[in-house]
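To keep things clear, I will list the structure first and then write my remarks on it.
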Amino acid sequence: MRNDEGGTMVMEQQANGLHNRPNNMNTLFAINNGYGEEEESSSPRKSNASMSSPRYSISTEGSPWNQPCPSPWNVSSSAVENDYGQNGLIGSIVKEEGHIYSLAAAGDMLITGTDSKHIRVWKNLKEFSSFKAKSGLVKAIIVLGDRIFTGHQDGKIRCWKISSSNPGVIKRHGSFPSLTDYIKSSVKPKNYIEVHRKKSVVKIKHFDAVSCLSLTEEVGLLYSGSWDKTLKVWRIANSKCLESIDDAHDDAINSVVAGFESLVFTGSADGTVKAWQREFLEKGTKHSMIHLLLKQENAVTALAVGWESATLYCGSSDGLVNFWEYSNQTLSHGGALRGHKMAALCLATAGNLVFSGSADKSICVWRREEGGIHMCVSVLTGHSGPVKCLAVEEDHGTSSNADRKWIVYSGSLDKSVKVWRVPEYAPDLKEIQDGFLTDDESADEDTEIAIEKEPKSRCTLENCRRF
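Numbering (this note's numbering), first residue to last: -16 to 450.
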């Protein structure tokens, strides 16, 4: 089998599925339809700690990519007779040009950002399109309809637009702030703030890396967090900076997520998670910090919101994933999940599942059961470098109302993106190991999977002190 770039793909049939061995390929797609050498699983552990049943999605309404079609990752093989072959690692995409720092899924398209400054679009296992920023490692990607927003190491936020007539054509559509707004702001001394080394900058522009982006489509706002410690609020329609919260944290902001109702959450290298409440004013917005949810020595590295049950998840450099449940205008700390030996670098949610990617090169998959019980249903392994980013899309080709399946994309510093199929209600992993793995291929027994239950702390938003 040959790919479009002239490389050769050698197929090797194994007892547990198919394994592809690349031969002189710049871009490869490796198929593994079973739980084989590149993936290990852990027996499920239960806890009575409460967790949400969140949903992860990126809006593709109006997108030229949002077309009904089967999942591009559906790979069938007569060599796989066991239904377990539909789950686990199903492919890898490797492009030898840079480490994967960001990705986003939109329908049947995957968008990846690297430290090579390239942003690539993948479709049906092949490179579909690409575009390049003039400067700046791509640290964050988010998609809204026919627009792609990217955050960069050089402090810029760029907007790209997909051609409605030819989705393979993607052109620069502006930046945040717009050049006009930046010039207008720069002529007034009051619009400057002093930063390190007595340097002054225009406050509507980030002066350090844009590390994270989040948006609220219903109110048309984009949020950006930066290593410059600021949180900025943008109106998507005209790229206008409505608000800049200077020194929102004491150290770099690593994650921002727009949450339920009017809440926004930020996590920082200073070890804190803050909750902000949004108000609309005549000429903009006002975000007030209403609670300090977490204060610890370890850096906060990732945040994610589960929409179905209004839960906030927080990953930290110690490998823990803390979570808070929101009910009756109250945020309650539900406990912490421990499944990693090193920092939890990224989080994603889908249905009843929560995914955490780590510097230990693994991805833990947690499922919430009835009554708030948590179960670690699998540990996905195969990356040879830290897992830096995650994205999830429902696999409409194989999902049913009774058994949803998800396509999980994991980007790593090993320069690869791995593609996994994860069912929401998988069989007991012991059954999979007994019937599908040899003793040598079973999960790492040293992997620590636990849930720490802590006394609940509550913050009632109506009565909470404003800082």
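Each residue gets a CB set at the ideal place from its N, CA and C atoms; glycine is no exception.
Item                                                                                                                                                                               : Value
Would Q312 be called buried (16 or more neighbouring beta carbons within 10 Å of its own) or exposed?                                                                              : exposed
Per DSSP, what kind of secondary structure is N311 in: helix, strand or coil?                                                                                                      : coil
Can you grab the Cα-Cα spacing for the pair C329 / S146, in whole Å?                                                                                                               : 31 Å
Pairs of beta-carbons, one from the segment 164 to 173 and one from the segment 120 to 130, closer than 8 Å: are there three or more?                                              : no
So the alpha helix (DSSP H) Y165 belongs to, where does it begin and stop?                                                                                                         : 162 to 169
Less than 8 Å between the beta carbons of F159 and V178, yes or no?                                                                                                                : no
Quick one: what's V256 bridged to in DSSP?                                                                                                                                         : G250, L277
At the level of alpha carbons, what is the spacing between L225 and G208?                                                                                                          : 14 Å
Which value, in whole angstroms, describes the spacing of the CA atoms of H316 and T249?                                                                                           : 16 Å
Might you give, ordered along the chain, the residues of its own chain that have their beta carbon closer than 8 Å to the beta carbon of D229, omitting 5 neighbours on each side? : I176, K186, K212, T213
What does the Cβ neighbour count give for K154, buried or exposed, with the cut at 16 atoms within 10 Å?                                                                           : exposed
If you follow the beta strand (DSSP E) that A192 is part of, which residue opens it and which one closes it?                                                                       : Taken as a continuous stretch (DSSP letters only), A192 belongs to no beta strand (DSSP E), as it is neither H nor E.
Within this structure, are the beta carbons of H135 and W143 separated by less than 8 Å?                                                                                           : no
Roughly how far, in whole angstroms, is the beta-carbon of K324 from the beta-carbon of D343, given that I think they are within contact range, below 8 Å?                         : 5 Å
With a 10 Å radius around its C-beta and 16 neighbouring C-beta atoms as the bar for buried, classify E376 as buried or exposed.                                                   : buried
Give, in chain order, every unbroken run of the beta strand (DSSP E) that is at least 3 residues long and sits entirely within the segment 71 to 151.                              : 71 to 78, 83 to 89, 92 to 97, 101 to 106, 109 to 115, 121 to 127, 130 to 135, 140 to 145
Hey, S161 and D137 are a contact pair by Cβ (cut 8 Å); roughly how many whole angstroms apart?                                                                                     : Contact doesn't hold; Cβ gap of about 17 Å is too wide.
Just how far apart, CA to CA, sit H357 and R350?                                                                                                                                   : 6 Å
Assuming A327 contacts S345 (C-beta within less than 8 Å), just tell me the rounded distance between them.                                                                         : About 10 Å; that fails the 8 Å criterion.
Could you tell me how far apart the beta carbons of A241 and T199 are, in whole angstroms, since I believe they sit closer than 8 Å?                                               : 4 Å
Sorted by chain position, which residues of the same chain lie with C-beta nearer than 8 Å to V288's C-beta, five sequence neighbours on each side aside?                          : P37, V240, A241, G242, F243, F248, T294, L295, Y296, T332
With S99 and G128 assumed to form a contact (beta carbons below 8 Å), what rounded beta-carbon distance in angstroms separates them?                                               : Wrong, their Cβ atoms sit about 27 Å apart, outside the cutoff.
Looking at the strands, I want to know which residues DSSP matches up with E262.                                                                                                   : K269
I believe L246 touches A258 by the beta-carbon criterion, under 8 Å. Please report the beta-carbon distance rounded to the nearest angstrom.                                       : 6 Å
Could you tell me if A220 is buried or exposed, where buried requires 16 or more neighbouring beta carbons within 10 angstroms of its beta carbon?                                 : exposed
To the nearest angstrom, how far is the alpha carbon of P406 from that of A87?                                                                                                     : 20 Å
So what's T213 in DSSP terms, helix, strand or just coil?                                                                                                                          : coil
Between the beta-carbon of A285 and the beta-carbon of A252, is there less than 8 Å?                                                                                               : no
Where does K388 sit, in a helix, a strand or coil, going by DSSP?                                                                                                                  : strand
Tell me the DSSP bridge mates of S238?                                                                                                                                             : G250
Taking the alpha-carbon of S85 as reference, which of L120, W217, F114, K109 has the nearest alpha-carbon?                                                                         : L120
Among the residues of its own chain, which have a CB less than 6 Å from the CB of H366, if the five just before and after it don't count?                                          : K344, S395, D397
In whole angstroms, give me the CA-to-CA distance for S227 and S271.                                                                                                               : 12 Å
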